[in-house]
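For the sequence shown, the residue numbers in mature numbering (1 follows the signal peptide of the UniProt record, and there is no 0) are -35 to -1, 1 to 262. By construction, the Cβ of each residue, glycine as well, lies at the ideal position given by its N, Cα and C atoms. The structure presented is a predicted model; accordingly, all values stated were derived computationally and were not measured. Okay, so here's the structure we're looking at.
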Amino acid sequence: MTTSFTHALRRAFTRTLALSAAALLAVCGSAPAPAAASADARQGVLAAGRAPMLPLFVRRSSDGHLLAYEPKAGGGLEAAVDLGGGFAAATALLRATTSEGGARNDLFLRLGGELWYTAERGASTMPVASAMDVHNLIMTPGDMGSSAAADIIARDTAGALWLYPGRADGGLAARVQAGTAGWNGMNALAGYGDYTGDGKNDLLARTTAGALYIYPGTGAVTAGQVLGARVSAGTGWETYTALVSTGDNDGDGRADLIARDPAGALWLFKGTGVASAPFAAREKIGNAGWNAFNAFF
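Structure follows, in structure tokens:
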């Protein structure tokens, strides 16, 4: 399945970089656009309650270029689309999709301590939060609170976990504490969709010892009630140098997980929707070469 990447997406990213003194890097040229899937098909994912099929974004270390890889039916990735350079200054890059159906591919960038939102379509580019450099892990798990907008989950330097509920206009509502001090024992956060089969988006977290846990989303955005009791998703995950979810990669409607190994190969763990055994056996979807990228989202 392919989705549409328009010249507007690239222009929106360029606008954000141009607005910030922290990233005065030129972006030139024009990115090609893959064939577009129908909007009805994408909204059908939302209507059926299935995980959205979203592209994998990566940033190339050598030149700061952002590349997009569309999901491939059955599992895997289509050929890369180069969205241009100028992203080296960003200390965090997050998807900011404003629809769980994935009809838009918007972006959050952290530049210094300021978080910016930029839209794929239209002229919307704006700062949405300040002092975000207090967070040393930051990601978006999709919508955790039934707002049809992507939320942000971030860990601060004290080890507390925070949820920033997303708004439809790309902004963020007041943050809510999702976890008390103790999250410094984690070195990776991932997930985009439901891994337990209850229809609510969940959070994946890896400990420094390599154990992976599912923290079930409750659908609530109340302090202390965002996440349920954790469920083990296995051990041995310390071998992977990057963990990321783009929702459903293979088209079966379930949320999957993508991991990079030390040799630079990329692996797909297809979701089962069953909390006690959340992933099928891994499948290689990318040969050595993925160590060329220093951001996955």
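Best match in the options for proximity to residue i [C-alpha to C-alpha]
i           : options                           : result
Leu177      : Ala155, Asp159, Lys165 and Asn166 : Ala155
residue 321 : Ser210, Glu79, Pro227 and Gly193  : Nothing can be reported for residue 321: it is not among the residues displayed for the chain, which extend from -35 to 262.
Trp202      : Ser27, Phe234, Gly193 and Ala185  : Phe234
Ala170      : Leu192, Ala188 and Gly162         : Leu192
Ala185      : Thr83, Lys165 and Asp226          : Lys165
Ala84       : Asp134, Trp255 and Arg247         : Asp134
Phe52       : Asn256, Ser27 and Ala242          : Ser27
Ser112      : Val99, His100 and Arg132          : Arg132
Trp232      : Gly238, Glu35 and Ala246          : Ala246
Asp221      : Gly78, Thr90 and Ala242           : Ala242
Pro175      : Ala198, Val23, Thr145 and Glu43   : Per the sequence shown, residue 175 should be read as Gly rather than Pro. Residue Ala198 is the option with its Cα nearest to Gly175.
Met91       : Thr122, His100 and Leu76          : Leu76
Pro36       : Gly50, Arg25 and Pro17            : Pro17
Asn152      : Glu248, Phe244, Ala138 and His100 : His100
Pro227      : Val239, Gly216, Ala240 and Leu208 : Leu208
Residue i, enclosing beta strand (DSSP E) - first and last residue
i      : result
Asp121 : Asp116 to Asp121
Gly107 : His100 to Gly107
Val191 : Unbroken run through Val191: none, as it is neither H nor E.
Phe234 : Leu231 to Phe234
For residue i, the three-state DSSP class (helix, strand or coil)
i        : result
Ser(-6)  : Below a pLDDT of 50, predicted positions are generally treated as unreliable, and Ser(-6), at 32, falls in that range; the measurement from the model is reported next regardless. Ser(-6): coil per DSSP, three-state reduction.
Glu248   : strand
Pro243   : coil
Glu203   : helix
Asn152   : strand
Leu137   : strand
Val186   : coil
Tyr160   : coil
Ala143   : strand
Pro17    : coil
Ala12    : Its pLDDT being 43, under 50, Ala12 is placed unreliably by the model, and nothing is read from it.
Ala(-15) : With a pLDDT of 33 at Ala(-15), under the threshold of 50, the modelled position of this residue cannot be trusted, and the question is left open.
Bridge partner(s) assigned by DSSP for residue i
i      : result
Val93  : DSSP, once it has assigned bridges, lists no residue as partnering Val93.
Arg25  : Phe258
Asp47  : Leu32
Ser197 : Tyr178
Arg60  : Leu72
Thr83  : Leu72 and Thr90
Arg171 : Ala153 and Leu177
Gly216 : Beta-bridge pairing links Gly216 to no other residue.
Leu126 : Arg120 and Gly144
Ala224 : Leu208 and Trp232
Leu42  : Pro36
Ala131 : Residue identity check: residue 131 is Gly in the sequence provided, not Ala. Looking at the DSSP assignment, Gly131 forms a beta bridge with Leu137.
Cβ-Cβ distance between residue i and residue j below 8 Å
i      : j      : result
Phe258 : Leu59  : no
Tyr82  : Gly29  : no
Thr206 : Arg225 : yes
Leu48  : Leu31  : yes
Asp163 : Tyr180 : no
Tyr129 : Arg140 : yes
Ala230 : Asn214 : no
Gly212 : Leu80  : no
Ile250 : Gly40  : yes
Ile118 : Ala57  : no
Ala61  : Leu72  : yes
Thr172 : Gly150 : yes
Gly236 : Arg15  : no
Leu126 : Ala143 : yes
Met109 : Gly182 : yes
Phe22  : Ala33  : yes
Gly124 : Ala138 : no
Ala188 : Arg24  : no
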